[in-house]
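Since the structure comes first, as structure tokens, the remarks are kept for the end.
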Amino acid sequence: MTRVRFAPAPTGFLHIGGARTYIFNWLFARQQGGKVVLRIDDTDVERSTKEAIKSIISGLLFLELPWDETYYQSGAREFHDKGAERLLVTGAAYRDFTPPRVDPSSTEKQVSPWLANPGMRELSGEESRRRAEAGEPFVLRFRVPRESGRILEFQDMIFGSQSRAIEDIEDFALCRSDGSPTYHLASCVDDVELEISHVIRGQDHLTNTFKHILLFEALDFNPPTFGHLPLLLGPDGSKLSKRKHGPVVSLTTYRDRGFLGHGLVNYLSLLGWSAKDDREIFTLDELLETFSISGIQRGNAVVTFDESDDQNWADPKALWVNGQHLRTIDVEDLAHYIEKHLLAEDMWNPDFVGEGRDRMIATVDMLRTRYVTLRDFIEKGAAYFSDEFAIEEKARKNLDKGDARTLLHELAKRFKSYDEDTFNEDNVEKEVRGLAAERGVKPGLIINASRAALTGQSVGPSAFWIFIALGLEHVIKRLEQA
RNA sequence: GGCGCUAUCGUCUAAGGGUUAGGACAGGGCCCUCUCAAGGCUCAAAUCCGGGUUCGAAUCCCGGUAGCGCUACCA
Numbered sequence: 001m002t003r004v005r006f007a008p009a010p011t012g013f014l015h016i017g018g019a020r021t022y023i024f025n026w027l028f029a030r031q032q033g034g035k036v037v038l039r040i041d042d043t044d045v046e047r048s049t050k051e052a053i054k055s056i057i058s059g060l061l062f063l064e065l066p067w068d069e070t071y072y073q074s075g076a077r078e079f080h081d082k083g084a085e086r087l088l089v090t091g092a093a094y095r096d097f098t099p100p101r102v103d104p105s106s107t108e109k110q111v112s113p114w115l116a117n118p119g120m121r122e123l124s125g126e127e128s129r130r131r132a133e134a135g136e137p138f139v140l141r142f143r144v145p146r147e148s149g150r151i152l153e154f155q156d157m158i159f160g161s162q163s164r165a166i167e168d169i170e171d172f173a174l175c176r177s178d179g180s181p182t183y184h185l186a187s188c189v190d191d192v193e194l195e196i197s198h199v200i201r202g203q204d205h206l207t208n209t210f211k212h213i214l215l216f217e218a219l220d221f222n223p224p225t226f227g228h229l230p231l232l233l234g235p236d237g238s239k240l241s242k243r244k245h246g247p248v249v250s251l252t253t254y255r256d257r258g259f260l261g262h263g264l265v266n267y268l269s270l271l272g273w274s275a276k277d278d279r280e281i282f283t284l285d286e287l288l289e290t291f292s293i294s295g296i297q298r299g300n301a302v303v304t305f306d307e308s309d310d311q312n313w314a315d316p317k318a319l320w321v322n323g324q325h326l327r328t329i330d331v332e333d334l335a336h337y338i339e340k341h342l343l344a345e346d347m348w349n350p351d352f353v354g355e356g357r358d359r360m361i362a363t364v365d366m367l368r369t370r371y372v373t374l375r376d377f378i379e380k381g382a383a384y385f386s387d388e389f390a391i392e393e394k395a396r397k398n399l400d401k402g403d404a405r406t407l408l409h410e411l412a413k414r415f416k417s418y419d420e421d422t423f424n425e426d427n428v429e430k431e432v433r434g435l436a437a438e439r440g441v442k443p444g445l446i447i448n449a450s451r452a453a454l455t456g457q458s459v460g461p462s463a464f465w466i467f468i469a470l471g472l473e474h475v476i477k478r479l480e481q482a
């Protein structure tokens with residue numbers, strides 16, 4: 001049985017690199033008919049927060065790729081303790097009483113690689129126990145058998161055959177001085193506990209994998225199959241991170257700014273993976289059909305975004321992919337997503353249910369070809385859903401041209417004799433063009449002024465269509481107020 | 001510094017010994033047109049450098065360089 005896990009540390013929001021890892025895990029597992037476990041790696045009590053867990057889960061829900069089980073590492077402490085105990089008893093681990101390094105994050109160059117603290121591996125079992133019982137703090141370290149001169153090897157699903165000399169691996173920590181397990185210990189023990197068959201994670205763990213293999217062996221378990229994904233880099237070329245790149249890379253930002261869950265899934269899946277043909281747009285089903293680990297390449301991918309640019313706050317390609325989804329998904333579904341945003345903005349109008357439903361759907365359908373996010377319906381499309389909308393500078397200019405306002409008022413007067421049946425696109429066009437001919441002005445003058453009066457914008461769908469979309473009542477009101 | 005990984009248009013990528021090095025986004029132009037989009041057509045844009053191997057190298061090998069990652073009592 002294929003079982004994969006996605007294991008974020010709840011030390012902040014989940015960024016889109018993590019989301020991509022989740023997507024690839026999910027796709028792989030689902031193709032195999034396997035299970036997906038969400039494992040919250042909250043062993044670092046200092047930095048883990050409840051809010052982060054909430055943010056991660058809500059971000060993941062937004063992707064609409066459901067997982068099967070949720071597991072909290074903090075609730076599995078007894079397994080970790082048992083593992084640590086076992087490693088200590090068998091001699092695979094030892095206590096290190098060396099005080100912590102003063103400034104572990106210091107940038108000073110290391111002259112030679114650190115492998116172990118002097119004197120600690122050689123401590124006799126008795127002395128080690130005595131000092132521990134006396135209350136002297138220690139970290140538990142893995143005793144890497146460097147003297148074996150072994151070359152460690154494994155087959156990575158993505159990077160292929162990997163090897164590393166055991167003598168280059170340092171005695172990594174298994175438990176902190178407060179007794180809590182580190183990532184390496186907890187992760188491996190839990191992978192065993194959860195019967196994980198495939199570990200698919202970021203390439204930043206590629207070198208750690210050798211440590212993990214050593215750990216699995218010492219614990220007497222067969223290591224799972226590993227696959228490492230190329231990393232996502234920010235515009236500056238460094239590994240995507242919440243600290244460095246900020247909330248623009250947060251999964252929840254994409255949700256809040258109006259991405260479609262599967263639109264983002266599509267874009268993210270294209271980073272490091274391709275179908276080997278020219279296709280770029282995939283529904284979830286198509287992705288499920290097409291995705292393959294062998295289509296993943298090994299180079300890191302740069303995500304370009306510009307926080308200060310309203311148009312390109314996300315990667316332009318991400319926006320484009322989302323736009324493609326926006327205009328191809330079922331319009332009813334789309335309307336449903338838009339409703340949520342309207343509700344959130346207090347722009348919800350009860351007319352959108354019942355009789356007005358069809359009108360709303362038709363509006364959404366017309367607007368979707370020129371928008372790329374759900375937010376656009378709220379911002380650029382305000383006039384279609386609400387009577388409160390701003391009038392743009394360019395639109396005002398269109399209204400100020402010639403006798404535009406007078407003509408619009410005349411138009412309003414004429415539409416008063418219309419009813420629901422006669423008020424259709426053809427008749428409106430005839431009326432508008434007729435008025436233009438009558439007064440000897442270009443039709444464009446009235447047309448563009450109409451759009452300005454009706455929507456507050458100089459750009460948008462066909463003006464004749466807008467008349468119908470808004471309905472007779474609103475049209476007359478807005479024309480009169482022009 | 002040590003170890004590991006990677007290297008094709010600005011960005012995401014295809015081509016795994018023989019192609020005018022293909023596609024997509026973004027950019028330019030044209031068509032369409034009541035505006036803006038969408039859509040269609042089109043232009044510009046790349047094999048990191050140096051050596052091999054080979055009739056032939058983006059592709060295989062070696063060396064350099066660059067980038068990224070790891071080198072924590074973070075994950």
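Note that the working numbering has the first sequence beginning at 1, numbered continuously upward. The C-beta atom is built at its ideal place from N, Cα and C for all residues, glycine as well. Model, not experiment: these values are computed from the prediction.
With contacts defined by Cβ atoms closer than 8 Å, L174 and R141 form a contacting pair.
P230 sits away from A275, with the two beta carbons spaced by 8 Å or more.
H15: not part of any beta strand (DSSP E); DSSP gives it neither H nor E. Secondary structure note for G323: its alpha helix (DSSP H) is the uninterrupted segment 316-326. Where I40 is concerned, the enclosing beta strand (DSSP E) starts and stops at 35-40. Judged by DSSP secondary structure, R405 falls within the alpha helix (DSSP H) whose first and last residues are 404-415. The beta carbons of S269 and L240 sit no closer together than 8 Å. Within the segment 422-475, there are no complete beta strand (DSSP E) runs of at least 3 residues. Cα atoms of R20 and L271: separation of roughly 8 Å, rounded to the nearest angstrom. Note: P350 is not bridge-paired with any residue in the DSSP secondary-structure output. Note on geometry: alpha-carbon atoms of I446 and H474 lie some 17 Å from one another. Under a 10 Å Cβ-count criterion, Q481 is classified as exposed, with fewer than 16 other Cβ atoms of the shown protein chains found around its own Cβ. Taking C-beta atoms under 8 Å as the contact rule, R39 and R5 qualify, at a distance of about 5 Å. Judged by their CB atoms, A218 and L87 are nearer to each other than the 8 Å cut-off. Rounded to whole angstroms, V89 and E170 show a C-alpha spacing of 20 Å. Going by DSSP, A335 is part of the alpha helix (DSSP H) stretching over 331-344.
Where D256 is concerned, the enclosing alpha helix (DSSP H) starts and stops at 251-256. Rounded to whole angstroms, the Cβ separation of S74 and T49 is 12 Å, and the two are not in contact under 8 Å. Between G258 and H184, the gap from beta carbon to beta carbon reaches 8 Å or more.
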